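Per numbering that gives the first Met the number 0, the very first residue in the sequence shown carries number 0; after that it's consecutive. We treat Cβ as the ideally placed atom computed from N, Cα and C, and that holds for glycine. All figures in this text were calculated on a predicted structure; none of them were measured in a lab. I have placed the structure first, in the form of structure tokens, so that the comments after it can refer back to it.
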Amino acid sequence: MSGLFGFLRRGFGENVRFALLAVRTHKLRATLTVLGIVVGVATVIAMVSIVTGFNNNMVRNFQSFGASLVLFQKYEPRFGPGGPRPEGELRRKDLTLEDAAALREIPEMRAVSPQRYLWNNSDYHLKHRDAEAQSPRVFGVMEEYPTATNRVVGSGRFFTPTEIDHAADVMVIGDEIRDKLFPREDPIGKRVLLGHDAYTVVGVFEKKGKMFGESQDNFVVVPITTFDRRFPWIKVGGGEGDALRIATVPYTPEQVPIIIEKARAVLRVRRHVRFDKPDDFGIVTPDKMIESFQGITRGITLAMVFIAFVSLLIGGVGVMNIMLVSVTERTREIGVRKAVGAFRRDIVLQFLTEATTLSLLGGAIGVVVGVAIPAGVKKAFDALPAETPLWAVVVGLVVSMSVGIFFGLYPAVKASRLDPIEALRYE
């Protein structure tokens, strides 16, 4: 038995050696043959790496805002512009501070934070002496904002109930704002200008980093009462999007479904939604946002897989073509081998090994290119994360080997069926 395995091992090694010799002899032909396989495997690995990186980065970003965050808003959540809102959504009423107060009565609620937003505020810049931060996002919030949104005040403090009740001109700034306005001094207690209005900085949030390439630290918050006084048109729905959103968190993650159902019931009653009608407000959770994002990436993945399949098909046809040419060129060699006692399976194994070696060579090059592309993209564009999972490399090599076996089988069988006498006469 050991002699048989030794014979098969020597025979396989000899076939691989012949295959590599054929590649060296016909370098250009071999290169053009495996090009399709290289493109296909590289496309699959690069696509999987970029999509995996995006998905993992997106999950980490959403979870950084709290796995138990539940956000109630006027519109349904969605990614990107997505075109105009349906007419039914546009007719919805804004949420109100009274709605937030009603949600606070739910026993499982740990924190309820109504908040308004000033987006795309190109007319409002934040200044301190000669330093300036252009167009920061401005939020109007209440004292429960840090708890509800998993934000931590790194230095200083957050607003007191008294400051909110009296619409005080105080502000807590994001880490990026601190770097721009106070690179070498403590911002606590300093006065800053937002537009023409002065505020006192009482705190700085800890750094969050970027999400989808956008900084999560280029923002400031002020008491919601101060916000309504400074930007009254937002309160009456004159701004972009929702006039008010309500961020909530339960005491434990297991209570998320409970607060969603109880809050839905409260809001439907307050907004006079009939029992047979759908909700006229949106509910956002990290899980929903993750699911929506992954639905988009799944579509992109399917498109890229189709492109990779076409490339592999072209590469496989190229392998079959070169093997058929190789069979024709080596007809006399096949005749000699059969004349000295080679079996049909020996001929099949020889040419099948050559086809598989050729495909694996293309697959290996494709793996290197496929790993290098997302690594280069990640280095050049820090906002585009990429992570290459090990299984993608293994799948790339297995697929390339399968292509060699599938498309090399017909030429191998054809070679094994040659008549040795006719093959020896072939010129």
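Can you tell me which of the three DSSP states residue i falls into?
i	result
ILE282	strand
VAL219	strand
SER214	strand
TYR427	Examination of residue 427 is not possible in this model, given that the chain is present from 0 through 426 alone.
TYR409	helix
PHE181	coil
ILE306	helix
ILE245	strand
LYS377	helix
ARG156	coil
ARG190	strand
GLY173	coil
PRO113	strand
ALA345	Strictly speaking, residue 345 in this sequence is Asp, with Ala absent from that position. In the structure shown, ASP345 sits in a helix (DSSP, three-state: H, G or I).
SER415	helix
GLU131	strand
ALA167	coil
PHE6	Residue placement at PHE6 is poorly supported in this model, since its pLDDT is 40, which falls under 50; the coordinates still yield a value, given next. The answer is helix: DSSP assigns PHE6 an H, G or I state.
ARG136	strand
VAL200	strand
PHE230	coil
LYS261	helix
VAL151	coil
LEU125	strand
PHE274	coil
Suppose you measure from the CA of residue i to the CA of residue j; what does that come to, to the nearest Å?
i	j	result
GLY202	GLY139	15 Å
ILE321	TYR74	59 Å
ASP428	PRO222	Because the chain is modelled from 0 through 426, residue 428 falls outside the range shown and cannot be assessed.
THR284	GLN72	11 Å
THR327	PHE53	49 Å
GLY35	LEU389	22 Å
GLY365	GLN349	24 Å
MET108	ILE282	15 Å
ARG331	VAL347	16 Å
GLU142	PRO160	7 Å
GLU239	ILE233	Only weak support exists for where GLU239 lies, its pLDDT of 48 falling under 50; the value from the coordinates is given anyway. About 8 Å.
GLY314	LEU359	12 Å
VAL398	VAL40	8 Å
LEU323	LYS378	43 Å
MET170	VAL272	37 Å
GLU131	LYS206	19 Å
LEU137	LEU192	It is worth fixing the name first, because residue 137 is Val in this sequence and not Leu. Going from the Cα of VAL137 to the Cα of LEU192 covers about 13 Å.
PHE4	VAL33	Interpretation of PHE4 is limited by its pLDDT of 43, a score under 50 that renders its predicted location unreliable; the figure taken from the coordinates is listed afterwards. Distance between the alpha carbons of PHE4 and VAL33 is about 31 Å.
PHE308	VAL393	17 Å
ILE187	GLY155	6 Å
PRO231	PHE218	19 Å
THR475	LYS209	Here the chain comprises residues numbered 0 to 426, so residue 475 is not present and cannot be evaluated.
Of the residues the options, which one's Cα is nearest the Cα of residue i?
i	options	result
LEU311	VAL37, THR30 and THR224	VAL37
ASP185	THR199, HIS195 and LEU193	THR199
GLU88	ASP279, GLN133, VAL402 and GLY317	ASP279
GLN215	ILE176, ASP196, VAL248 and THR247	ILE176
ASP345	GLY365, SER415, GLY315 and ALA338	SER415
PHE405	VAL316, ILE49, PHE230 and LEU193	VAL316
LEU68	VAL111, VAL40 and GLU104	VAL111
ARG128	LYS189, THR296 and GLY362	LYS189
ARG297	ALA29, THR51 and ARG28	THR51
MET319	VAL402, VAL40, ALA45 and LEU192	VAL402
LEU96	PRO85, ALA41, ILE105 and ARG115	ARG115
PRO286	THR225, LEU70 and VAL47	In the sequence under discussion, the amino acid at residue 286 is Asp, which differs from the Pro named in the question. It is LEU70 whose Cα lies nearest to the Cα of ASP286.
VAL367	VAL43, PHE305 and PHE218	VAL43
LEU180	LYS209, GLN133 and PRO83	GLN133
SER48	THR300, THR146 and MET400	THR300
LEU117	VAL335, PRO277 and ARG244	ARG244
Would you say residue i touches the ligand FAD, meaning its beta carbon is less than 7 Å from a heavy atom?
i	result
ASP122	As for the ligand FAD, it is missing from this structure, which has no ligand bound.
Next item on the list: Examine the Cβ distances between the segment 91–100 and the segment 142–153 and report whether three or more of them are shorter than 8 Å.
Entry: Touching, no, given that fewer than three Cβ pairs across the two stretches are closer than 8 Å.
Check: Between the segment 339–354 and the segment 401–411, do three or more beta carbon pairs fall short of 8 Å?
Finding: Two segments are said to touch when three or more pairs of C-beta atoms, one from each, lie closer than 8 Å; by this definition the segment 339–354 touches the segment 401–411.
Check: Do three or more CB pairs link the segment 161–174 to the segment 249–256 at distances below 8 Å?
Finding: no
Next item on the list: Spell out a yes or no on whether the segment 117–137 and the segment 261–271 are touching, meaning 3 or more CB-CB pairs, one atom from each, closer than 8 Å.
Entry: no
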